Structure formats: structure tokens, C-alpha cells
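J.:
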Amino acid sequence: MGHLTAAPIDPAVLTARIESPAHGAIASFVGQVRNHHGGRAVGRLEYSAYGPMAEAECQRIVREAEAEWPVRVALEHRVGGLEIGDIAVAIAVSAPHRDEAFAACRFVIEAVKRRVPIWKKEHYLDGAVAWVDPTGSPLDEVPAS
Amino acid sequence: MGHLTAAPIDPAVLTARIESPAHGAIASFVGQVRNHHGGRAVGRLEYSAYGPMAEAECQRIVREAEAEWPVRVALEHRVGGLEIGDIAVAIAVSAPHRDEAFAACRFVIEAVKRRVPIWKKEHYLDGAVAWVDPTGSPLDEVPAS
Amino acid sequence: MPAPSTQIVNVRVLLFASYADRLGLESVRVALPLLATVGDALDHVRTLPGGDQIPPRPLCAVNLVHAGLETRLAEGDEIALLPPLAGG
Amino acid sequence: MPAPSTQIVNVRVLLFASYADRLGLESVRVALPLLATVGDALDHVRTLPGGDQIPPRPLCAVNLVHAGLETRLAEGDEIALLPPLAGG
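Residue numbers (the numbering used here), protein chains in the order written: chain F, 74 to 218; chain A, 74 to 218; chain E, 501 to 588; chain B, 501 to 588.
1) Assign arginine 145 of chain A to one of three DSSP states: helix, strand, or coil.
2) Per the contact definition of three or more C-beta pairs closer than 8 Å, is the region 119–127 of chain F in contact with the region 129–140 of chain A?
3) Excluding the 5 residues flanking aspartate 83 of chain F on each side, which residues of the same chain have their C-beta closer than 6 Å to its C-beta?
4) Using a Cβ cut-off of 9 Å, pull out every chain B residue sitting near aspartate 83 of chain A, in sequence order please.
5) Indicate the three-state DSSP secondary structure (helix, strand or coil) for isoleucine 82 of chain A in the structure shown.
6) Whole angstroms are fine: how far does the CA of glycine 587 of chain E sit from the CA of leucine 155 of chain F?
7) Rounding to the nearest angstrom, what Cα-Cα distance links alanine 574 of chain B and valine 511 of chain B in this structure?
8) Distance cutoff 8 Å, beta carbons only. Does arginine 90 of chain F sit that close to anything in chain A?
9) Would you mind telling me which residues of chain B sit closer than 8 Å to histidine 150 of chain A, beta carbon to beta carbon, in chain order?
10) Can glycine 158 of chain A and glutamate 92 of chain F be called in contact, C-beta distance under 8 Å?
11) Measuring only the C-alpha atoms, how far is alanine 177 of chain A from alanine 140 of chain A?
12) Count the other C-beta atoms from every protein chain shown that fall within 10 angstroms of the C-beta of alanine 89 of chain A, then say buried if there are 16 or more, exposed otherwise.
13) Lysine 193 of chain A: which of A:Val106, A:Ala184, A:Ser101 sits nearest, CA to CA?
14) Helix, strand or coil for histidine 196 of chain A, going by three-state DSSP, please let me know.
15) Taking isoleucine 157 of chain A as the query, report the chain F residues whose CB atoms sit under 9 Å from its CB, ordered along the chain.
16) What did DSSP end up calling valine 205 of chain A once you bin it into helix, strand or coil?
17) May I ask you to list, following chain order, the residues of the region 114–139 of chain A that have a beta carbon less than 9 Å from some beta carbon of chain B?
18) Taking any Cβ of chain A, which residues in the region 101–115 of chain F have a Cβ under 8 Å from it, in chain order?
19) Please classify glutamate 73 of chain F: does DSSP put it in a helix, a strand, or coil?
20) Looking at isoleucine 508 of chain B and leucine 625 of chain B, is the spacing between their C-beta atoms short of 8 Å?
21) Are the beta-carbon atoms belonging to proline 558 of chain E and leucine 581 of chain E less than 8 Å from one another?
22) Out of F:Glu130, F:Ala201, F:His96, which has the shortest C-alpha to C-alpha gap to alanine 184 of chain F?
23) When you compare the CB of histidine 76 of chain F with every CB in chain A, is at least one pair closer than 8 Å?
24) Taking the continuous beta strand (DSSP E) assigned at alanine 517 of chain E, which residues delimit it?
25) Pick out whichever of B:Ile554, B:Pro556, B:Asp577 has its Cα sitting closest to the Cα of valine 565 of chain B.
26) Would you say isoleucine 160 of chain F and valine 103 of chain A are within 8 Å of each other, going by their C-beta atoms?
27) So, helix, strand or coil for isoleucine 157 of chain F, using DSSP?
28) Indicate whether glycine 153 of chain A and tyrosine 120 of chain A have their beta-carbon atoms separated by less than 8 Å.
29) When you compare only the Cα positions, how much space is there between phenylalanine 180 of chain F and proline 556 of chain B?
30) Note the first and the last residue of the continuous alpha helix (DSSP H) segment covering leucine 542 of chain B.
31) Roughly how many angstroms lie between the CA atoms of arginine 117 of chain F and valine 562 of chain B, to the nearest whole one?
32) Between which two residues does the beta strand (DSSP E) carrying histidine 76 of chain F extend?
33) Measuring only the C-alpha atoms, how far is glutamate 149 of chain A from arginine 546 of chain E?
34) Where arginine 572 of chain E and valine 528 of chain E are concerned, what is the direct C-alpha to C-alpha distance, given to the nearest angstrom?
35) Residues in the region 169–195 of chain F with C-beta within 8 Å of chain E's C-beta atoms, listed in sequence order?
36) Going straight from the alpha carbon of alanine 520 of chain B to that of glutamate 526 of chain B, what length do you get?
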């Protein structure tokens, strides 16, 4: 397993895991904590997960990508508290050629966002806190007291 | 300038150059020397360039990407002798969102391949040497003596 | 007539993130009639205090796999009610 | 009648990679008539020993910018004949 981690993510470690002398192309994606969301200044955030399912779903996504394209895929998602600029998710994909590397990398990040049970609570600089709903506005906002 | 380098490329250095607290997405591409090409075992290779034009063209490509999308782009291409697994080209693109990061990253690698005057001489394990022509077969092959 | 115990499936429903906050709980044990579905478990949870804040068709999973409301439940199943995902 | 010097453009043609190997040289100075084009410079280079190995319509550049064969040349221009690119 090991797709979820509470420790900082190092993209170079992921890349090292999937490099191969037969693979000429590596496409990567890194998602980092932004300092704003929906026009509001974000101070920090927390990712929580349904751990066992999130691990299982990440593993299924990696296997699907590796079955669909001639690629090797590394995927890690951070959980717990993150600061601005911290890496939330990192994906590295190696392939013989770039078309496959890009296609698989894009597939993995889209699948992670659509399928992996992880939730994000944003702490805004104005003191408010909200669960983020990518399908709409922040949910269940707790206003600054 | 500085898009061409005779020294090993470190993707982490490129990423550090384009990171921004406002940018949540980083898409990267790395091209490495493969151990085969056209069914033949490659031992090492040499990249040569029309240096001043290659630098100018890389700079134009980066500027075009940064004009087309809200991105920051870092691009380096290695020249000189490379071994299997060495990085030949690295691109890192940061953007507020992943669509733009992927689109600009893809644009840059395609433009590099189509427009930057760099040539590759492959040294095969059987002793032969050839200039690579991506539009056809190896050119001007010098057979093993 | 079969024994009553065979007429019931005991399942656990897990709640996460905003749903857990709304109900003030992370897990509920539910006993449902034989042939009950994920939708039946959901209906039960929505009768709990705060449960009306869960939408009628949330994302659901059974035993760590995404599942539709029509999915038939078996004894010991772990059902999860998943708020809108926000990973990545 | 203008002085003869105004009737001529002096340019430099650079050769790279396989083209440089074929002709055994990396750079040629060429004097061409006024209004000459990249194509005219190319035609001259193709008359040199080994020059027939350069294709009739190679990739070309003038002063570090990709240029077509019809591009008009000016005094001091640097023309480059570029074999198929293989960077990236």
C-alpha cells in the first residue's frame, strides 16, 4: 500500500521508484496547497481520508493505468495538516514515449479527484473554517467567532 | 538564457524556479536516454546544438507558453555526451489549475521537438554510430568497423 | 418459518468529514431486514438527529468499493456515506 | 550605375550534425547577388563536394529564426541549414 502519507511528499522519491532504462518519458503532476480559494485567503488546511478505502482506490487507479498503458505509476496523497506550498498529491509516470506518460498521468489525477475518499478542510486567514466541496461552494462553513 | 546546459539536469531545481503560493498545480516532463531505439541497444549518445538559436528558440517557446496560459515555465535541455538514464530535457510548469499546467507542459515539449535546433548522435552497443532522424530512420549510419 | 436471526443483516455505516460533523458521529450500527440495500441503510441514517442534512443520493461505498444505492447488503458489510470528494 | 559592392550580399551559411559531416565543413562564406534568397544560398552550398546529400528543401534559419527558402537575404546574414531536429 502506502499511497497515503502523513509525512511530506518528495516527488524525487516517486520518480526514482518508476524510472527504467527502457522508459524515455516521465510525466509528473504535483498538487500544492494554494494561498487562496474562491477569492479567500487560505492559511492552512487538513486532509482527512477514509483510509482503507482511499488506499484501495489508489491501488486500483494505479493498476488500471498500468493495464491501459505501458507505464509505471507512483502515486502519493498527503493526509493531516498542510501549510501553503505543501504538496498534497504527487504522481509520477514513466513510459517508453511521452504520449503514454502524459495520458496515464492525466488519467491518474482525474481518477484520484473523482474516486479517492479524501476530504479537505480549509482554514481561512479570516478565521473561518470550511469543508471544501469541489462540486459547489464550501460546505458547512463555521464563521469566524 | 540558460536553457541549454552541459551539466546534469536536476528537475527539482526547475520546479523550485516556478513554484508560487498562488499556483496549485505543477506539471512536469522529463526525457531520459533510453537503452534502445529502433530495436537496437543504445550505449550512450551525444546532443549537439546550434547554440545561439537553440537558446533563442527555447526562450521564444517559454514566452509563448507564458503568454497563452497563466503559467510559469522552466525548461532545460542537455547538450554533450549522455549515458543511459541521463536526463536530456526537463520541463516544469506551474499554474493555478491543472488544465493549464498540463496544456502548457505538453505545448513546450512538442515545440522543443519541432523547433529547437538540437541533434542526437546515438552510439549503439554494436559499435555503430548514427545521427537520429525522428522523421525517418537513422541518418548517415557509420557501421561498426 | 426461518429463525428471526436469518431475517436480519447487521451492518455498520461510516460517516466522514461534513457528514460526521452534521450527525456528530462517525459510525452507526444498523440492523436491516434481509434483502436491504445501501439506500435502506441511508434512509435509516437520515432519520437520526442531523441526518436530514445528508443529501438523498450521496456517494456511497460498500466494503471499500464505490456502490450505488441499489446495492444489496450482506451481514457484516461496512457501508460508507461519502461527502463530495476533495482530494488531489 | 551603382557601385558593384552594392550589388552583392555577403552571408555566412552554417552546417550542423549530418550536413556538416557530409560536406566536411561547418561554415561557408557566400557572396550572392542582391535580392538573393535562402534558396539561392542553399543552391550554392549544394554545388559543393558532398552538397548533393543535402535535401532540396531542408529546414533553414536566418539570424537564429526559422525561415523559408524564399526569405530575402541581407548583408551579413547568418543562414543555417538544419538537419531533421532530434532534441527533447
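Glycine included, C-beta positions come from ideal geometry on N, C-alpha and C. Bear in mind that the values here come from a model prediction, so they are computed numbers and not experimental data.
T.: If we stick to the structure as given:
1) DSSP places arginine 145 of chain A in strand when its eight states are reduced to three.
2) Counting C-beta pairs with one atom in each stretch, the region 129–140 of chain A and the region 119–127 of chain F have fewer than three that are closer than 8 Å, which means they do not touch.
3) Hits under 6 Å: none found.
4) Correct list: empty, because the minimum Cβ distance to chain B is about 18 Å.
5) Look at isoleucine 82 of chain A here: in three-state DSSP terms it is coil, with no helix or strand label.
6) Roughly 13 Å separates the two Cα atoms.
7) A straight-line Cα-Cα distance of about 8 Å links alanine 574 of chain B and valine 511 of chain B.
8) False, the Cβ-Cβ gap to chain A never drops below 8 Å.
9) Neighbours of histidine 150 of chain A across chain B, judged by C-beta separation under 8 Å: Gly587, Gly588.
10) Yes; because the gap between Cβ atoms is below 8 Å, this pair is in contact.
11) If I take the Cα positions, the gap works out to 10 Å.
12) Per the 10 Å Cβ criterion, exposed.
13) Per the Cα distances, A:Val106.
14) DSSP places histidine 196 of chain A in strand when its eight states are reduced to three.
15) Chain F residues near isoleucine 157 of chain A: Pro94.
16) Coil at valine 205 of chain A, not helix or strand.
17) For the region 114–139 of chain A, residues whose beta-carbon sits nearer than 9 Å to a beta-carbon of chain B comprise Tyr120, Ser121, Ala122, Tyr123, Pro125, Met126, Ala127, Glu128, Ala129, Glu130, Arg133.
18) For the region 101–115 of chain F, the beta-carbon criterion of a distance under 8 Å to any beta-carbon of chain A is satisfied by Ser101, Phe102, Val103, Gly104, Gln105, Val106, Arg107, Asn108, His109.
19) Because chain F spans 74 through 218 in this model, residue 73 of chain F falls outside it and cannot be assessed.
20) Outside the displayed span of chain B (501 to 588) sits residue 625 of chain B, for which this structure offers no information.
21) Closer than 8 Å, so yes.
22) Out of F:Glu130, F:Ala201, F:His96, F:Glu130 has the C-alpha closest to the C-alpha of alanine 184 of chain F.
23) No, its Cβ sits nowhere closer than 8 Å to a Cβ of chain A.
24) For alanine 517 of chain E, there is no enclosing beta strand (DSSP E); the enclosing alpha helix (DSSP H) has its first and last residue at 517–523.
25) Nearest option by C-alpha distance: B:Asp577.
26) No. Outside cutoff.
27) Looking at isoleucine 157 of chain F - three-state DSSP - the assignment turns out to be coil, as it is neither helix nor strand.
28) Result yes, Cβ atoms of glycine 153 of chain A and tyrosine 120 of chain A sit closer than 8 Å.
29) Their backbone Cα atoms lie some 43 Å apart in a straight line.
30) Per DSSP, leucine 542 of chain B belongs to the alpha helix (DSSP H) from 538–546.
31) In this structure, the alpha-carbon of arginine 117 of chain F lies about 52 Å from that of valine 562 of chain B.
32) Where histidine 76 of chain F is concerned, there is no enclosing beta strand (DSSP E), given that its DSSP letter is neither H nor E.
33) Using only the alpha carbons, I get a separation of about 56 Å.
34) Straight-line Cα distance between these residues: approximately 18 Å.
35) From the region 169–195 of chain F, only Ile182, Val185, Lys186, Arg187, Arg188, Val189, Pro190, Ile191, Trp192, Lys193, Lys194 have a Cβ closer than 8 Å to chain E.
36) CA-CA distance, alanine 520 of chain B to glutamate 526 of chain B, rounds to 5 Å.
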